[in-house]
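Working notes, beginning with the structure itself.
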Amino acid sequence: MAKEPQSRDLRECIKLMKEMTTIIDPADDYLTITAAEEQMKVNYAKAKRENDEAYSNLKALSRVLEAARKSSARPSDVATPEQHAARLNELDTTRISLAKALRDAENSLASKEAELAALKEGARALEESDPAQIHQHKIDGTTIRLQIFRGMGFDIVLDSGGTASTMFIRAESGDVHTLSSCSSDYHSVDQAWKLASS
Numbered sequence: 002m003a004k005e006p007q008s009r010d011l012r013e014c015i016k017l018m019k020e021m022t023t024i025i026d027p028a029d030d031y032l033t034i035t036a037a038e039e040q041m042k043v044n045y046a047k048a049k050r051e052n053d054e055a056y057s058n059l060k061a062l063s064r065v066l067e068a069a070r071k072s073s074a075r076p077s078d079v080a081t082p083e084q085h086a087a088r089l090n091e092l093d094t095t096r097i098s099l100a101k102a103l104r105d106a107e108n109s110l111a112s113k114e115a116e117l118a119a120l121k122e123g124a125r126a127l128e129e130s131d132p133a134q135i136h137q138h139k140i141d142g143t144t145i146r147l148q149i150f151r152g153m154g155f156d157i158v159l160d161s162g163g164t165a166s167t168m169f170i171r172a173e174s175g176d177v178h179t180l181s182s183c184s185s186d187y188h189s190v191d192q193a194w195k196l197a198s199s
């Protein structure tokens, strides 16, 4: 019994294949397969061309990207933003200290100019004045003359009236001589010089 269903299945398959043989046209199938292969070749060529173009574009874009990356990269000799900020702070500090030094120098200059103006005014006043004349009014000339005479070795003794009564003369030898006033001034002066040089 088991053989019968198998043979029946087999007969059905053979019958089905015979029926399909009438439906299947090998020439038509060959043409369909050939057309499909041709279409696949065209599609492959088109896809390859598109891939090649895309690859070329990708390479060109990669070169542009690399050039852009290089141009956008900071050169090694250019400061970083932190270094730039630090340099700006340093320059600001220098500018402030220079401004202070300049202000101090200007103040010192103004002070020195005022001092110079005062000195020029003092010099002008001194040039216009005659110190000898001023001192002549303030200082007693007799006292100065007596000091000069004492330095030369002549010591004059004045009486109560303020006139010379006696003169002590220190000679070059170290001796001290006394000279009383004489009637002639010339004779007194001559005698005094003789005693001083003895």
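In the numbering used here, the protein residues as written are 2 to 199.
Cβ atoms here follow ideal geometry from the backbone N, Cα and C, with glycine treated the same way.
Given the structure is predicted, the values throughout are model-derived calculations rather than measurements.
| Asked | Found |
| --- | --- |
| What are the complete alpha helix (DSSP H) segments, minimum 4 residues, inside the segment 95 to 163? | 132 to 139, 142 to 153 |
| Cα-Cα, which of 155, 163, 175, 160 is closest to residue 192? | 155 |
| Between residue 108 and residue 89, what straight-line distance do the alpha-carbon atoms span, to the nearest angstrom? | 28 Å |
| List the endpoints of the continuous beta strand (DSSP E) containing residue 177. | 177 to 181 |
| Would you give the residue range spanned by the beta strand (DSSP E) that residue 33 belongs to? | Element bounds for residue 33: not the beta strand (DSSP E) but the alpha helix (DSSP H), 27 to 73. |
| Counting only the same chain and skipping the five closest in sequence on each side, list residues whose C-beta sits under 7 Å from that of residue 150. | 157 |
| From this set, 117, 197, 18, 14, which residue's C-alpha is nearest residue 171's C-alpha? | 197 |
| Could you tell me the boundaries of the beta strand (DSSP E) in which residue 166 lies? | 165 to 171 |
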